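The structure appears right after this line, and notes come after that.
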Amino acid sequence: MDFRLDDDQIALRHAVRGLSERHFALGAVAAREDAPAADPAWRDLVAMGIFGLLVSDGDETPRNGTVTAAVALEELSAHLATGPILWTTITAPVLTGGEIEAGRVAGVVVVGDAGGPVVIEHATEAEFLVVVHHDRIERVETTSLPEVIAGEPSDPLTPTVAYESVPRGDVISGPDEARTIRLAGTVLAAAQLVGVAQGALDVAAAYALERHQFGVPIGSFQAIKHLLSDMYVRVELARSSTFAAAAILDDERGGDAARAAGAAKLLAGQAGIDNGRAAVQILGGMGFTWEMLPHYFLKRAWVLEQSFGTAEFHALALGVALGAGVVKA
Amino acid sequence: MDLTYSAEDEEFRAQLRTWLDTAVQRQSPPPPPGDWPARRAYDTQWQRTLYDAGYAGLHWPVAFGGRGLPVSQQLVYLEEYARANAPYISVNFVGLMHAGPTLIAEGTDEQRAFHLPRILTGESVWCQGFSEPGAGSDLASLQTRAVRDGDHYIVNGQKIWSTRAHVADYCELLVRTDPDAPKHKGITWLILDMHQPGVDVRPMRTIDGESHFCEVFLDDARVPVSNRVGEENDGWRVTNVTLRFERGTAFAQHVITLRSQLRKLVDVAQDTPAVGGGTAWDDAEFRRHVGRLDASVDALWRMTQMGIADTERTGMPARSGSAVKLRYSEITQEIADLLLRTVGRAALAGVPGPAADAMREYLWSLQYTIAAGTSQIQRNLIAERILGMPR
């Protein structure tokens, strides 16, 4: 039992932070609006090996791979990194290596036949599209997609489009891989939400120190302190839950994977959205302007909240599991 | 990062589980609420049972009579303890979690040799004499005076919120020894013998109708200088050792107990008929609410585990302590609120069983966001000490 990140993971966090500051500087976020995940940022992510973190080396499953990926994706997300990072990371193990090299993968989970439009992030900037069903994974040719339904994406940093339906593709994997991808996606979406929640807290805390009213920084008022400390508590709780879930995915003897993943996603979704909103509030009138950062965090949080199960979905699953007494000690 | 337990840990778990199952079953039913002498006897007898089986002071160093177990086994212990629904630490809390660790860190060899074994065996019970009517959140403004008289201190003043002081033998007492120094610099930490004429303990009736807390009036109480812990006027530093333990890991048992409280809520809901048929549990929104609580309870346990591991490695209580304390106290109240709503009107008539318990637990739960640093103080601490906001 060891709750620490190892030296390689800490080194990776620093490297990803450096990359993020070069390519995804928060001060220049407006320039990345509606822009595709362009080189050289994408090339550098590939070169750093982010998309190979879950891929086996021969028969060797990467040790602690989900935890390592969570470290990288949290950090990127705190900088509002652009591009289909989550889906490219989680689908790498089921797509053949050479073919997707440097390729961007968009994806979507389809639950039953819910009807209505299928909404997919990054579909228009990806070379590959993966559709995860309950019992299989399909690869769909992006050229076979129908016309998009005209609309404006809510998050200016996540190109998102809707289709009336998505054509069937080639089945590339079965139910086991589908489960693995759903769990990895749930936990890594949680890691990205933790990054969003932390980023929103950092922006709000910096502003509270800088902005003066009544002759003092607004961060000296208890009303502001308490909003900030609630943001901190949310992100710490979500992070503990997320990294625990990642470690359990890497070694399922550590706990119940589905339950841990759901709990992490639920808490991280709340942290991402609530911290985004709190940042808007703490920046006051400025927080309501497009010019400032909070709305980007809030909008990204909603993109992630609506992926891999909403808070309501996971809350019900956790409640039902507890009631059925199926929870592992 | 690795959350699996080793083979040795699992062996420890198996032995402990077997022992606990039998020992808990052998326990007589706990005394009725309000019978404090019986409560003390019950709690100290249980502590003695733990001690005899080798399960006392697992987190204390071996040199001081503890087991000095690795962190992983302390965590196993807490998990199994909660699973077995073993008796709450109760009157032994201050001794095992505050006074003991403080003496280990700051006490003299004589103080340790005398007190530590008595705490471990349940022979002596401790209470805390920190808060005063005029010194709550602003603890350092305390006014209880201690004046040197030869090899004794003569103590005068009033303490409040001393939990279970009416059944305590010793008190970790904070006194002012230098009224002219800045408030943090004139405080001394003393071991007060509660069994003496100058100590008058008066239980306070709280909103749940019970008397867990006491006022302690000190009228020329005498404390030998040899009972001072740390130097004279250095008590604030010594206190912070204790307070950091309190905010750090001493609440682990509360956190793990949330699991059984949540299961109990589910049990009661599954047994409570709903209007229009079925049970309270059939309501999807109720199950979602429980699911949200479950996620938070699980995350709090992870944070606690990580905090305990940090403390073990660095020797300093984890800084996540304030966050854990804030959330676990709020979640305790949320569970209690939901339970009270679930049992419905029967709680109003105090119908014995889950209904009466639910009201008592609900009222009792309100102290969690006040005791050991109010939620408002915790939020200030987080904003100032962790996020760097100006004071």
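Chains as they are written, first to last, in my numbering: chain U, 1260 to 1588; chain D, 2 to 392. Glycine included, every Cβ here is placed at the ideal spot set by N, Cα and C. Quick caveat: nothing in here was measured; it's all calculated off a predicted structure.
| Item | Value |
| --- | --- |
| Beta-carbon within less than 6 Å of W37 of chain D's beta-carbon, same chain only, minus the 5 sequence neighbours each way: which residues are those? | H167 and V168 |
| Since I believe A1504 of chain U is in contact with A1520 of chain U (beta carbons under 8 Å), could you give me their beta-carbon distance rounded to a whole number of angstroms? | 5 Å |
| Report yes or no: do the segment 1379-1388 of chain U and the segment 1512-1526 of chain U share at least 3 C-beta pairs separated by less than 8 Å? | no |
| Would DSSP call V168 of chain D helix, strand or coil? | helix |
| Taking the beta strand (DSSP E) that S1499 of chain U belongs to, which residues open and close that run? | Element bounds for S1499 of chain U: not the beta strand (DSSP E) but the alpha helix (DSSP H), Q1481 to D1509. |
| How would you write the range of the alpha helix (DSSP H) that Q262 of chain D sits in, first residue to last? | A253 to D272 |
| To the nearest whole angstrom, what separates the beta carbons of D220 of chain D and D235 of chain D, a pair I think is in contact under 8 Å? | Not quite, the Cβ-Cβ distance comes to about 26 Å (not below 8 Å), so this is no contact. |
| Across which residues does DSSP place H1471 of chain U in a beta bridge pair? | U:P1476 |
| Once you ignore the five residues that flank I1408 of chain U on each side, which residues in its own chain have a CB closer than 8 Å to its CB? | P1376, V1420, A1421, Y1422 and E1423 |
| Do you know whose CA, among D:Q254, D:F131 and D:A15, lies nearest S142 of chain D's CA? | D:F131 |
| Kindly say whether L383 of chain D, judged by its beta-carbon, lies nearer than 8 Å to any beta-carbon of chain U. | Per the sequence shown, the amino acid found at residue 383 of chain D is Ile instead of Leu. Yes, its Cβ sits closer than 8 Å to a Cβ of chain U. |
| DSSP three-state label for T1548 of chain U, please. | coil |
| Can you look up R1536 of chain U in the DSSP assignment and give me helix, strand or coil? | helix |
| Given a limit of 7 Å on CB to CB distance, which residues of the segment 61-78 of chain D reach chain U? | S73 |
| Tell me, to the nearest whole angstrom, how far the beta carbon of M304 of chain D is from that of S1499 of chain U; I am working on the premise that it is less than 8 Å. | 4 Å |
| Can you pull out the residues from the segment 1509-1525 of chain U whose beta carbon lies closer than 7 Å to at least one beta carbon of chain D? | D1510, R1512, G1513, G1514, A1522 and L1525 |
| Using the Cα positions of L1416 of chain U and H1471 of chain U, report the straight-line distance between them to the nearest angstrom. | 31 Å |
| Could you compute how far the alpha carbon of E11 of chain D sits from the alpha carbon of R68 of chain D? | 17 Å |
| Would the beta-carbon of V267 of chain D be found less than 7 Å away from any heavy atom of the ligand NAD? | With respect to small molecules bound, the structure shown includes none, and the ligand NAD cannot be examined in it. |
| Alpha carbon to alpha carbon, what distance is there between G1514 of chain U and K1587 of chain U? | Residue confidence is low: K1587 of chain U scores 44 on pLDDT, short of 50, so the model does not pin down where it sits. No coordinate-derived value is stated. |
| Using the Cβ count rule (16 or more neighbours within 10 Å means buried), how would you classify D1414 of chain U? | buried |
| Ignore the nearest five residues each way along the sequence and tell me which others in L341 of chain D's own chain have a CB closer than 7 Å to its CB. | A348, A359, M360 and Y363 |
| Using a Cβ distance threshold of 8 Å, determine whether the segment 1431-1451 of chain U contacts the segment 1472-1484 of chain U, with at least three qualifying pairs required. | no |
| With H, G and I counted as helix, E and B as strand and the rest as coil, what does DSSP make of I161 of chain D? | strand |
| Please list, in chain order, the residues of the segment 1262-1281 of chain U that have any C-beta partner in chain D closer than 7 Å. | F1262, R1263 and L1264 |
| Look up V1391 of chain U in the DSSP assignment and give the residues it is bridged to. | U:V1368 and U:I1396 |
| Using a C-beta cutoff of 8 Å, does Y6 of chain D count as contacting chain U? | yes |
| Would you verify that the beta carbon of Y1491 of chain U is, or is not, closer than 8 Å to some beta carbon of chain D? | yes |
| According to a CB-to-CB cut-off of less than 8 Å, which residues of the segment 1309-1322 of chain U neighbour chain D? | none |
| Closer than 7 Å by C-beta to S323 of chain D: which residues in its own chain qualify, once you throw out the five before and the five after it? Chain order, please. | R248, Q379, L382 and I383 |
| When DSSP labels each residue in this structure, what does A1588 of chain U get in the three-state scheme? | Residue confidence for A1588 of chain U is low, a pLDDT of 42 falling below 50, so the modelled location carries little weight and cannot support an answer. |
| Can you find a CB in chain D that lies within less than 8 Å of the CB of A1588 of chain U? | For A1588 of chain U, the predicted structure reports a pLDDT of 42, less than 50, and the residue's modelled location is therefore unreliable. The matter cannot be settled from this model. |
| Which residue's Cα is closest to the Cα of V148 of chain D: D:R177, D:T122 and D:S138? | D:R177 |
| Grouping DSSP H, G and I as helix and E and B as strand, with all else coil, what is E81 of chain D? | helix |
| Which of helix, strand or coil does DSSP assign to E1292 of chain U? | coil |
| Mark L1577 of chain U as exposed unless 16 or more other C-beta atoms lie within 10 angstroms of its C-beta, in which case mark it buried. | buried |
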